[in-house]
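*Asks:* After the structure tokens below, expect a handful of questions from me.
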Amino acid sequence: MAAISREEVAHLARLSRLAVTEEELDTFAGQLDVILQSVAQVGEVAAADIPPTSHSVPLTNVLREDVVRPGLTPQEALSGAPDAEEQRFRVPRILDEDVAS
Amino acid sequence: MSDLTKLSAVEIAGLVASGETSAVEVTQAHLDRIGAVDDRVHAFLHVDTEGALAAARAVDERRAAGDELGPLAGVPVAVKDVLTTKGVPTTVGSKILEGWRPPYDSTIVERLRAAGTVMLGKTNMDEFAMGSSTEYSAYGPTRNPWDTDRIPGGSGGGSAAALAAYEAPLSIGSDTGGSIRQPGAVTGTVGAKPTYGGTSRYGLVAFSSSLDTPGPCARTVLDAALLHEVIGGHDPRDSTSIPAPVPDVVAAARLGATGDLTGVKLGMVTEFIGEGAEPGVMAAFRDAAEALAKLGAEIVEVSCPHFKYALPAYYLIAPSECSSNLARFDGVRFGLRVGDDGNRSLEEVMSLTREAGFGPEVKRRIMIGTYALSSGYYDAYYGQAQKVRTLITRDFTSAFEQVDALISPTTPFVAFPLGSRTADPYQMYLADLFTIPTNLYGGPAISVPCGLSDGLPVGFQIMAPTMADDRMYRIAAALESAVGTLTPPTI
Numbered sequence: 000m001a002a003i004s005r006e007e008v009a010h011l012a013r014l015s016r017l018a019v020t021e022e023e024l025d026t027f028a029g030q031l032d033v034i035l036q037s038v039a040q041v042g043e044v045a046a047a048d049i050p051p052t053s054h055s056v057p058l059t060n061v062l063r064e065d066v067v068r069p070g071l072t073p074q075e076a077l078s079g080a081p082d083a084e085e086q087r088f089r090v091p092r093i094l095d096e097d098v099a100s
Numbered sequence: 000m001s002d003l004t005k006l007s008a009v010e011i012a013g014l015v016a017s018g019e020t021s022a023v024e025v026t027q028a029h030l031d032r033i034g035a036v037d038d039r040v041h042a043f044l045h046v047d048t049e050g051a052l053a054a055a056r057a058v059d060e061r062r063a064a065g066d067e068l069g070p071l072a073g074v075p076v077a078v079k080d081v082l083t084t085k086g087v088p089t090t091v092g093s094k095i096l097e098g099w100r101p102p103y104d105s106t107i108v109e110r111l112r113a114a115g116t117v118m119l120g121k122t123n124m125d126e127f128a129m130g131s132s133t134e135y136s137a138y139g140p141t142r143n144p145w146d147t148d149r150i151p152g153g154s155g156g157g158s159a160a161a162l163a164a165y166e167a168p169l170s171i172g173s174d175t176g177g178s179i180r181q182p183g184a185v186t187g188t189v190g191a192k193p194t195y196g197g198t199s200r201y202g203l204v205a206f207s208s209s210l211d212t213p214g215p216c217a218r219t220v221l222d223a224a225l226l227h228e229v230i231g232g233h234d235p236r237d238s239t240s241i242p243a244p245v246p247d248v249v250a251a252a253r254l255g256a257t258g259d260l261t262g263v264k265l266g267m268v269t270e271f272i273g274e275g276a277e278p279g280v281m282a283a284f285r286d287a288a289e290a291l292a293k294l295g296a297e298i299v300e301v302s303c304p305h306f307k308y309a310l311p312a313y314y315l316i317a318p319s320e321c322s323s324n325l326a327r328f329d330g331v332r333f334g335l336r337v338g339d340d341g342n343r344s345l346e347e348v349m350s351l352t353r354e355a356g357f358g359p360e361v362k363r364r365i366m367i368g369t370y371a372l373s374s375g376y377y378d379a380y381y382g383q384a385q386k387v388r389t390l391i392t393r394d395f396t397s398a399f400e401q402v403d404a405l406i407s408p409t410t411p412f413v414a415f416p417l418g419s420r421t422a423d424p425y426q427m428y429l430a431d432l433f434t435i436p437t438n439l440y441g442g443p444a445i446s447v448p449c450g451l452s453d454g455l456p457v458g459f460q461i462m463a464p465t466m467a468d469d470r471m472y473r474i475a476a477a478l479e480s481a482v483g484t485l486t487p488p489t490i
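Those protein sequence lines, which keep their order, are chains A and B.
Residue numbering for the first sequence follows numbering that gives the first Met the number 0, starting at 0 and increasing by one per position.
Residue numbering for the second sequence follows numbering that gives the first Met the number 0, starting at 0 and increasing by one per position.
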């Protein structure tokens, strides 16, 4: 049985903000199925009582002194932006027009 | 080929310091070499001719003024395109960052500049460091100088091929699941993954933050150690940077080169010396292990029963972290923006941008990670993988109570032909079978050339306990003293 359906892959693509094509969906559905069936092997390990490891370095709450340091100028920070205006990143509309008006 | 390109970093630094040659001459020789061969190798995505010559002139001026030069001053270095370089294009092998010139240097690059090394340019890589062959680069594959119809490994294939093609004596890679060591193995060069947190991730474009580790690549163990010393050490700008001095890897490499391993106990990983590797790879590995025994090392077998689950655990953990990290590529602050026609919403533009900017492997991993983190699947996939990570760490801890270091082949197979594994993504993942456990544990590991199989290089992997990077270099240098370095065929 397949681990994942074409419809589920389409849903994942939407969640991932990827406007995939129909052809890609066909390819990815098969490939993701193979990958997920393989990685599901982790389920063979009896690990109910084992604590999870998220990170190999046991450091917590690393903070620095709260002092002003040199940073990027607005011009530098915006230098790679696809679109900028008035020292800000310019983005496409976020709200529908009737909501925004 | 100019003789200067055949020298080790140590030799080049010596000639520059003594004034027998200038940093400009050395740099020009390497730029000429790149010009002569890189159309066939494609190790570089960007060559910074002007920047390199300016840096070299600065070294020559400092020498003329009587300033003391560091141990790698005037030595050219190639940098994987995953590290930000101020004003120099940084693409991560992806179309989504095509043309981006970062406004700041990564810590690694900052330290390279401060040490007087000369950055030649940025090297090719699998997109976002996801891959084992550089075939997933959006700018075309790098070719293996040993056989240009074969892969140079990945993701850092460009950094490894640049060494084997004598385009650079040193390079920088990053290792999330083997991306320094596996390219080193298949190109007959040395690649070291430092202890996680031993080298700074500041300015390293993030793939899987709990695993990503920048590190040195070179043609000799001592050169790698010198580069390690320059780039390593605590960085307050990286919250997972270890606040401790760099282990004395250079002294350890020099000690190892004397060829005495009396009192050192090495463990061959039982699970990695069975059927997993090609016969030719196993033969070269066993010969090298025997050579280490002749140097006085005691060699035993050590079982690490959970290592076989490292690959599936990694291919859940790394995609999960990537699906979160790569959310920043949204067409707003840097890089590509597609479909912004004044009518489409932010979300539509974002989805079109990511669709056009990411290649298939990156999309697959983002979707796998999104799946593994979804409610309903989290416990069975991501949560379970994190528990397996604990068990793999325990396997290492228990092994290091018995032996000083673990050894295995670096990769199950030698360099494979271009195009032979791209149709089945999981086949590509298998290239990392032996390198991944170390990333999940966090310790250091190195690949050293140990011989040939059918005329292609085989890598020998040494895995050491966390922060015992020096021990790893000692054993690596001893192995090198016994088996020698490999000389790639002339291109």
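The C-beta atom is built at its ideal place from N, Cα and C for all residues, glycine as well.
From S4(A) to L14(A), what distance separates their C-alpha atoms?
*Replies:* C-alpha separation (whole angstroms): 15 Å.
*Asks:* Below 8 Å between beta carbons: does that hold for A51(B) and P75(B)?
*Replies:* Yes, the pair counts as a contact, with Cβ atoms nearer than the cut-off.
*Asks:* Does the beta-carbon of V61(A) have 16 or more other beta-carbons within 10 angstroms, so that it is buried, or is it exposed?
*Replies:* Burial call: exposed.
*Asks:* Measure the C-alpha to C-alpha separation of E7(A) and M462(B) and round it to an integer number of angstroms.
*Replies:* Each residue's Cα considered, the two are about 40 Å apart.
*Asks:* What separation, rounded to the nearest whole angstrom, lies between the Cα atoms of P168(B) and T396(B)?
*Replies:* One C-alpha to the other measures close to 35 Å.
*Asks:* What does the alpha-carbon distance come out to for the pair G121(B) and A160(B)?
*Replies:* Gly is not the amino acid found at residue 121(B); the sequence shown has Lys there. C-alpha separation (whole angstroms): 12 Å.
*Asks:* For chain A, check one thing: does any of its Cβ atoms lie closer than 8 Å to the Cβ of W145(B)?
*Replies:* Chain A, which has no Cβ nearer than 8 Å to the Cβ of W145(B), makes this no.
*Asks:* Return no unless some Cβ of chain A is closer than 8 Å to the Cβ of F333(B).
*Replies:* So yes, F333(B) belongs to the interface.
*Asks:* For L14(A), go through chain B and note every residue whose CB falls closer than 7 Å to its CB, in chain order.
*Replies:* Within 7 Å Cβ-Cβ: T369.
*Asks:* Report the partner residues of M118(B) according to the DSSP bridge assignment.
*Replies:* In the DSSP output, where bridge partners are listed per residue, M118(B) has V76(B).
*Asks:* Please name the residue in M466(B), M471(B), L478(B) whose C-alpha comes closest to that of S55(A).
*Replies:* For the residues M466(B), M471(B), L478(B), the minimum Cα distance to S55(A) belongs to M466(B).
*Asks:* Does P488(B) pass the burial test, meaning 16 or more other C-beta atoms within 10 Å, or should it be called exposed?
*Replies:* The residue is exposed, with fewer than 16 neighbouring Cβ atoms inside 10 Å.
*Asks:* Count the other CB atoms within 10 Å of the CB of N123(B); is the residue buried (16 or more) or exposed (fewer)?
*Replies:* It counts as buried.
*Asks:* Should P81(A) be flagged as near chain B, meaning a C-beta pair shorter than 8 Å?
*Replies:* Chain B, which has a Cβ nearer than 8 Å to the Cβ of P81(A), makes this yes.
*Asks:* Show which residues of chain B have a CB atom less than 9 Å away from the CB atom of A1(A).
*Replies:* Near A1(A) there are no residues of chain B at all, since even the closest Cβ is about 13 Å away, more than 9 Å.
*Asks:* Taking only runs that begin and end inside the segment 32 to 69 of chain B, name each unbroken alpha helix (DSSP H) of 4 or more residues, in chain order.
*Replies:* List check, alpha helix (DSSP H) in window: 48 to 63.
*Asks:* If we count Cβ pairs, one from each stretch, closer than 8 Å, do we get three or more for the segment 324 to 337 of chain B versus the segment 60 to 75 of chain B?
*Replies:* The segment 324 to 337 of chain B is not in contact with the segment 60 to 75 of chain B.
*Asks:* R5(A) touches chain B at which residues, Cβ-Cβ below 8 Å?
*Replies:* Here the premise fails: no neighbours, minimum Cβ distance about 12 Å.
*Asks:* Using the C-alpha atoms, what's the distance from G196(B) back to T239(B)?
*Replies:* Rounded to whole angstroms, T239(B) to G196(B) spans 6 Å at the Cα level.
*Asks:* By Cβ distance, which residues of its chain are closer than 7 Å to G139(B), with the 5 residues on each side in sequence left out?
*Replies:* For G139(B), where only same-chain residues beyond five positions count, the Cβ hits under 7 Å are H41.
*Asks:* Please classify P168(B): does DSSP put it in a helix, a strand, or coil?
*Replies:* Of the three classes helix, strand and coil, the one that applies to P168(B) here is coil, per DSSP.
*Asks:* Can you check which of these residues, D468(B), A422(B), A384(B), V447(B), is closest to A143(A) by C-alpha distance?
*Replies:* Only positions 0 to 100 of chain A appear in the structure, and residue 143(A) is not among them; the question remains open.
*Asks:* Can you find the residues in the same chain that come closer than 7 Å, C-beta to C-beta, to G273(B), ignoring five residues on each side of it along the sequence?
*Replies:* Correct list: empty, nothing qualifies.
*Asks:* What residues from chain E crowd round P50(A), counting only those whose CB sits closer than 8 Å?
*Replies:* Absent from the structure: chain E. Protein chains present are A and B.
*Asks:* Mind checking G130(B): buried by the 16 CB within 10 Å criterion, or exposed?
*Replies:* Flag for G130(B) reads buried.
*Asks:* Relative to the alpha-carbon of T186(B), which residue among V220(B), R142(B), T90(B) has its alpha-carbon at the smallest distance?
*Replies:* The candidate whose alpha carbon is nearest that of T186(B) is R142(B).
*Asks:* At a Cβ cut of 8 Å, what residues of the segment 354 to 367 of chain B count as close to chain A, listed as they run along the chain?
*Replies:* Going along the segment 354 to 367 of chain B in chain order, one finds E354, F357, P359, K362, R363, I365, M366, I367 with a Cβ nearer than 8 Å to chain A.
*Asks:* Rounded to a whole number of angstroms, what is the C-alpha to C-alpha distance between P416(B) and H29(B)?
*Replies:* P416(B) and H29(B): Cα-Cα distance of roughly 28 Å.
*Asks:* Does any CB atom of chain B fall closer than 8 Å to the CB of S100(A)?
*Replies:* Here S100(A) scores only 44 on pLDDT, less than 50, and its place in the model should not be relied on; the value that follows carries that caveat. Not closer than 8 Å to any Cβ of chain B, the Cβ of S100(A) fails to qualify, so no.
*Asks:* Please go through the same chain and pick out, in chain order, the residues whose beta-carbon is closer than 7 Å to the beta-carbon of E64(A), but skip the five residues on each side of it.
*Replies:* Once the five neighbours on either side are set aside, E64(A) has no close Cβ partner at all.
*Asks:* Under 8 Å, Cβ to Cβ, is there at least one residue of chain B near E21(A)?
*Replies:* No, its Cβ sits nowhere closer than 8 Å to a Cβ of chain B.
*Asks:* Hey, which unbroken runs of the alpha helix (DSSP H) at 4 residues or more fall wholly within the segment 262 to 342 of chain B?
*Replies:* Qualifying alpha helix (DSSP H) stretches, in chain order: 278 to 293, 309 to 324.
*Asks:* Keeping to the same chain, check which residues put their C-beta closer than 7 Å to that of S178(B); ignore five residues upstream and five downstream.
*Replies:* For S178(B), where only same-chain residues beyond five positions count, the Cβ hits under 7 Å are A128, G153, S154, G155, G172.
*Asks:* Closer than 6 Å by C-beta to F306(B): which residues in its own chain qualify, once you throw out the five before and the five after it? Chain order, please.
*Replies:* Once the five neighbours on either side are set aside, the close Cβ partners of F306(B) are E270, P436.
*Asks:* Just mark D211(B) as buried or exposed, buried being the case when its beta carbon has 16 or more other beta carbons within 10 Å.
*Replies:* Buried is the call here.
*Asks:* Would the beta-carbon of P91(A) fall within 8 Å of that of T389(B)?
*Replies:* No, the Cβ-Cβ distance between P91(A) and T389(B) is not below 8 Å.
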